[in-house]
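Engineer: Protein chains in written order, with the numbering used here: chain A, 9 to 194; chain B, 29 to 269.
Dumping the structure here so I can ask a few things about it.
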């Protein structure tokens, strides 16, 4: 009986420590993760919800995940995969619904107006290409790390990044950056 | 333009966009994440326990040669797991549906919550509207004028031909994490909406589609606000529309 009590107490303490550790880890990475989710989803509500759902999924397994070499990479992978799943579900819902979701025209127009040009440019990329661009050029992950997160080869990351860059290069959203780059060269 | 210049251009554009967005402070959604995570852990443990019980049952059935007994134990274990996982907290009548995540929102922005539900929150007032974007008219409640006492919840309602919006407003020192609205004898979970960086009030929304005429005795609306631990912060019973 005594042994059982000690083990249970130990487990509770371990959980308590893991919780403190989880809070500290997330507090340090929260802003970065949420901004990454924002670039991936293009919507700040969606981004905050995506990060919250991902962290809630990670939290029960934190005692194991914290011992990994790169818990951050695990978190990225979980978040990106969650994002893909949500996108697929949303698309399926739209396909399965017997009517087109009613949306007031001015509302949609206003929302489009409010969205930044860059987010609109990112919207034009396929989901995996967008993830590669965001992870590679915002998170500054290496090709190897991006490949690990997306579960693909580095060759695939290279080609997706190259295609993504080609699409963004001539997009008007980046025209200002191209012009300032040319100015700096002169 | 070289590939490196392209990469640099995209890096700068992404950084400008990402840094222009200011996420809410981690302390805001922390309670909701812990609550969601703890619920997942409880479900996982209940499932593991059910699997263990089922395995023992099957083993017993095999050793005793009684396949019938094994099926009964396994079935009871599965039903035990589903009932355990479906009852994470306080209110039994709403236990079957997961609690919606708390939405931490930026100040002074038009927020679209679907069903043509709009909200706009500031440190001084909480506004909600129901209707198309072009014709929406916000109805605002002041947070700071003292009309609503601290530690209380009030009910705001708006309706159109398709349904009714219930938007409770809680004022007080507690951190509201859950809200329930009991209408016509049934209890529903509302989505809590709080303003980033301004604790001291929380609002929420619940959309119910128009149904058959409610019974006469069911016109009262009961609103309850809980914190993340399930403690009641405030409750109110108000006549419905």
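Glycine included, each C-beta is placed from N, C-alpha and C at the ideal position.
Using a beta-carbon distance below 9 angstroms, is residue 206 (chain B) in contact with chain A?
Structural biologist: Position 178 of the second chain, counted from the start, is the residue given in the question as residue 206 (chain B). False, the Cβ-Cβ gap to chain A never drops below 9 angstroms.
Engineer: Counting only Cβ-Cβ distances shorter than 9 angstroms, please list the residues of the region 29 to 48 of chain B near chain A, keeping chain order.
Structural biologist: 29, 31, 33, 34, 35, 36, 37, 38, 39, 40, 41, 42, 43, 44, 45, 46, 47 and 48
Engineer: Where residue 254 (chain B) and residue 167 (chain A) are concerned, what is the direct C-alpha to C-alpha distance, given to the nearest angstrom?
Structural biologist: As a first step, residue 254 (chain B) is located in the second chain; it is residue number 226 there, counting from the start. As a first step, residue 167 (chain A) is located in the first chain; it is residue number 159 there, counting from the start. The alpha-carbon atoms of residue 254 (chain B) and residue 167 (chain A) are separated by roughly 51 angstroms.
Engineer: Just to check my reading of the structure: residue 146 (chain A) and residue 43 (chain B) have Cβ atoms closer than 8 angstroms, yes? What is that Cβ distance to the nearest angstrom?
Structural biologist: To locate residue 146 (chain A), count along the first chain from 1; it is residue 138. To locate residue 43 (chain B), count along the second chain from 1; it is residue 15. With a Cβ gap of about 7 angstroms, residue 146 (chain A) and residue 43 (chain B) count as contacting.
Engineer: Among A:67, A:65 and A:131, which has the Cα closest to the Cα of residue 50 (chain A)?
Structural biologist: Here residue 50 (chain A) corresponds to residue number 42 of the first chain, with the count starting at 1. Among A:67, A:65 and A:131, the Cα nearest to that of residue 50 (chain A) belongs to A:131.
Engineer: Mapping the DSSP letters down to three states, classify residue 178 (chain A) as helix, strand or coil.
Structural biologist: Numbered from its first residue, the first chain carries residue 178 (chain A) at position 170. Three-state result, residue 178 (chain A): coil.
Engineer: Under 9 angstroms, do residue 131 (chain B) and residue 219 (chain B) count as touching if we go by C-beta distance?
Structural biologist: On the second chain, residue 131 (chain B) is found 103 positions in, with the first residue counted as 1. On the second chain, residue 219 (chain B) is found 191 positions in, with the first residue counted as 1. Yes, they are a contact pair.
Engineer: I'd like to know whether the C-beta of residue 176 (chain A) is nearer than 9 angstroms to at least one C-beta of chain B.
Structural biologist: Counted from its first residue, the first chain places residue 176 (chain A) at position 168. Yes, contact with chain B.
Engineer: Please name the residue in A:60, A:80, A:78 and A:136 whose C-alpha comes closest to that of residue 92 (chain A).
Structural biologist: Walking along the first chain from the start, residue 92 (chain A) turns up at place 84. Comparing Cα-Cα distances from residue 92 (chain A) to each of A:60, A:80, A:78 and A:136, the minimum goes to A:136.
Engineer: Does residue 228 (chain B) get closer than 9 angstroms to chain A when you measure Cβ to Cβ?
Structural biologist: As a first step, residue 228 (chain B) must be located in the second chain, where it is residue number 200. It does not; no Cβ of chain A falls within 9 angstroms.
Engineer: Counting contacts by CB-CB distance shorter than 9 angstroms, is residue 155 (chain A) in contact with chain B?
Structural biologist: For this step, residue 155 (chain A) is matched to residue 147 along the first chain. False, the Cβ-Cβ gap to chain B never drops below 9 angstroms.
Engineer: Taking Cβ positions only, does residue 258 (chain B) come closer than 9 angstroms to chain A?
Structural biologist: Within the second chain, the letter at position 230 stands for residue 258 (chain B). Residue 258 (chain B) does not count as touching chain A.
Engineer: Closest to residue 64 (chain B) by C-alpha separation, out of B:37, B:266 and B:256, would be which residue?
Structural biologist: The residue you call residue 64 (chain B) lines up with position 36 of the second chain. Cα-wise, what sits closest to residue 64 (chain B) is B:256.
Engineer: By the 10 Å Cβ neighbour count, where 16 or more other Cβ atoms means buried, how is residue 44 (chain A) classified, buried or exposed?
Structural biologist: On the first chain, position 36 is the one that residue 44 (chain A) refers to. Flag for residue 44 (chain A) reads buried.
Engineer: Spatial neighbours of residue 170 (chain A) within its chain, please: C-beta separation below 7 angstroms, excluding the five flanking residues on both sides.
Structural biologist: For the purposes of this step, residue 170 (chain A) is identified with residue 162 of the first chain, where counting begins at 1. Same-chain partners within the cutoff: there are none.
Engineer: Counting contacts by CB-CB distance shorter than 9 angstroms, is residue 62 (chain B) in contact with chain A?
Structural biologist: Your numbering for residue 62 (chain B) matches position 34 in the second chain. Chain A, which has a Cβ nearer than 9 angstroms to the Cβ of residue 62 (chain B), makes this yes.
Engineer: To the nearest angstrom, report how far apart residue 235 (chain B) and residue 85 (chain A) are at their CA atoms.
Structural biologist: Position 207 of the second chain, counted from the start, is the residue given in the question as residue 235 (chain B). Position 77 of the first chain, counted from the start, is the residue given in the question as residue 85 (chain A). C-alpha separation (whole angstroms): 34 angstroms.
Engineer: Taking Cβ positions, are residue 207 (chain B) and residue 251 (chain B) nearer each other than 9 angstroms?
Structural biologist: For the purposes of this step, residue 207 (chain B) is taken as the residue at position 179 of the second chain. For the purposes of this step, residue 251 (chain B) is taken as the residue at position 223 of the second chain. Yes, Cβ-Cβ distance for residue 207 (chain B) and residue 251 (chain B) is below 9 angstroms.
Engineer: I'd like to know if residue 136 (chain A) contacts chain B, where contact means its C-beta is closer than 9 angstroms to some C-beta of that chain.
Structural biologist: Locating residue 136 (chain A) in the first chain gives position 128, where the first residue counts as 1. Output row for residue 136 (chain A): interface = no.
Engineer: Measure from the C-beta of residue 131 (chain B) to each C-beta in chain A and report whether the shortest distance is under 9 angstroms.
Structural biologist: Here residue 131 (chain B) is taken as the residue at index 103 of the second chain, counted from 1. Interface residue, yes.
Engineer: Helix, strand or coil, according to DSSP, for residue 104 (chain B) in the structure here?
Structural biologist: For the purposes of this step, residue 104 (chain B) is taken as residue 76 along the second chain, with counting starting at 1. Any answer about residue 104 (chain B) is weak, because its pLDDT of 32 lies below 50 and its placement is not dependable; what the coordinates show is given next. In this structure, residue 104 (chain B) counts as helix in the three-state DSSP scheme.
Engineer: Excluding the five sequence neighbours on either side, which residues of its own chain have a C-beta within less than 8 angstroms of the C-beta of residue 191 (chain B), listed in chain order?
Structural biologist: The count along the second chain starts at 1 and reaches residue 191 (chain B) at position 163. Excluding residues within five positions, the ones whose Cβ falls inside 8 angstroms are 143, 235, 236, 237 and 238.
Engineer: From residue 151 (chain A) to residue 142 (chain A), what does the alpha carbon distance come to, in whole angstroms?
Structural biologist: One-based indexing of the first chain puts residue 151 (chain A) at position 143. One-based indexing of the first chain puts residue 142 (chain A) at position 134. So the two alpha carbons sit approximately 12 angstroms from each other.
Engineer: Measure the alpha-carbon distance for residue 214 (chain B) versus residue 261 (chain B) and round it to whole angstroms.
Structural biologist: Start at 1 with the first residue of the second chain, and residue 214 (chain B) comes out as number 186. Start at 1 with the first residue of the second chain, and residue 261 (chain B) comes out as number 233. Straight-line Cα distance between these residues: approximately 20 angstroms.
Engineer: Using three-state DSSP, classify residue 42 (chain A) as helix, strand or coil.
Structural biologist: Reading the first chain from its first residue, position 34 is the one you call residue 42 (chain A). Looking at residue 42 (chain A) - three-state DSSP - the assignment turns out to be helix.
Engineer: Within its chain, find whatever has a CB closer than 6 angstroms to the CB of residue 41 (chain B); leave out the 5 residues flanking it on each side and keep chain order.
Structural biologist: The sequence position of residue 41 (chain B) within the second chain is 13, counting from 1. Contacts found: none.
Engineer: So if I threshold CB-CB distances at 8 angstroms, which residues from the region 180 to 209 of chain B count as touching chain A?
Structural biologist: none
Engineer: Along the chain, where does the alpha helix (DSSP H) containing residue 232 (chain B) start, and where does it finish?
Structural biologist: If you number the second chain from 1, residue 232 (chain B) lands on position 204. Segment 229 to 237 is the beta strand (DSSP E) holding residue 232 (chain B); no alpha helix (DSSP H) there.
Engineer: Is any heavy atom in the ligand ZN found nearer than 8 angstroms to the beta carbon of residue 46 (chain A)?
Structural biologist: The model depicted lacks the ligand ZN and carries no ligand whatsoever.
Engineer: Taking the alpha carbon of residue 62 (chain B) as the point to measure from, which residue in A:180, A:70, A:36 and A:40 has its own alpha carbon closest?
Structural biologist: Indexing the second chain from 1 puts residue 62 (chain B) at position 34. Of the candidates A:180, A:70, A:36 and A:40, the one whose C-alpha sits nearest the C-alpha of residue 62 (chain B) is A:70.
Engineer: Does the beta-carbon of residue 201 (chain B) have 16 or more other beta-carbons within 10 angstroms, so that it is buried, or is it exposed?
Structural biologist: Along the second chain, read from residue 1 onward, the residue named residue 201 (chain B) stands at position 173. Exposed, by the Cβ-count rule.
Engineer: Determine the extent of the beta strand (DSSP E) in which residue 171 (chain B) is found, giving its start and end residues.
Structural biologist: On the second chain, position 143 is the one that residue 171 (chain B) refers to. It is not in any beta strand (DSSP E) - residue 171 (chain B) carries neither H nor E in the DSSP assignment.
Engineer: Whose C-alpha, out of B:164, B:180 and B:160, is nearest the C-alpha of residue 265 (chain B)?
Structural biologist: Against the second chain, residue 265 (chain B) aligns to sequence position 237. When each option's Cα is compared against that of residue 265 (chain B), the closest is B:180.
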